[in-house]
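Novice:
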Amino acid sequence: LGRLLSAISPRLACPSCRQALQEKSYRRHLAFCAPDLLDPEGWAAGDCAVVQRHCSRLHRPGSAAARALELRFGFGGKPAVTSQQRLAAEMGWTNRRTRDTIAKFLHAIPPVSEPSDRLQVLYEDASMLVV
């Protein structure tokens with residue numbers, strides 16, 4: 005029954021890698037494939053800077069991975085290459101290597117924490133913390 009339901013459920017295509025996705029997994033997939041296309045306003049408001057900062061910390065400048073990520077996300081005001089197929093062709097890589105490089109990098113970025121001044125401790129003991 006599960007296969008039948010997944011076969012008839014609506015599918016969406018990722019705008020970057022073109023993978024067919026079920027609606028329930030679409031947002032999670034985009035978070036690790038095309039975060040700039042998932043939330044363009046958030047990307048422009050600071051997410052791009054966070055991703056760029058982590059790229060420079062995780063990859064040696066001028067390395068192939070750093071160059072691919074710079075092209076993909078448009079660091080430095082350059083237009084982003086949003087299609088993984090076009091990026092793979094430009095880098096001379098396979099689509100899989102391109103996809104894996106982007107996903108591995110995005111998974112390595114820790115989530116940005118919310119400012120702690122918005123949290124208020126309501127109750128705390130040895131086994132519980134309520135905020």
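According to my numbering, the residues represented by the sequence shown are 5 to 135, in order.
We put the CB at the ideal spot given by N, CA and C, even for glycine.
Predicted, not measured: the structure shown is a model, and the values here were computed from it.
1) Under 7 Å Cβ to Cβ from LEU91, same chain only, skipping five residues before and after it: list those, please.
2) HIS111 to LEU41, Cα distance in whole Å?
3) Any chance you could list the alpha helix (DSSP H) runs of at least 4 consecutive residues sitting entirely within the region 27–89, in chain order?
4) Quick one: what's got a C-beta closer than 6 Å to SER20's C-beta in the same chain, skipping five residues either side?
5) For GLU94, which option in ALA69, GLY80, VAL55 and MET132 has the closest C-alpha, if you only look at C-alpha atoms?
6) Do you know offhand how far SER29's Cα is from ALA130's?
7) Between VAL135 and ALA35, what straight-line distance do the alpha-carbon atoms span, to the nearest angstrom?
8) Mind checking who ARG15 pairs with in its DSSP beta bridge?
9) Specify the secondary structure class of LEU91 as computed by DSSP and reduced to three states.
10) Measure the C-alpha to C-alpha separation of ASP51 and GLY81 and round it to an integer number of angstroms.
11) State buried or exposed for VAL125, treating a residue as buried only when at least 16 other CB atoms are found within 10 Å of its CB.
Specialist: So, to answer that:
1) ALA72, LEU75, ARG76, VAL85 and THR102
2) 17 Å
3) 27–35, 39–42, 52–62 and 68–77
4) CYS37, ALA38, THR86 and GLN88
5) ALA69
6) 38 Å
7) 27 Å
8) GLN26
9) helix
10) 14 Å
11) exposed
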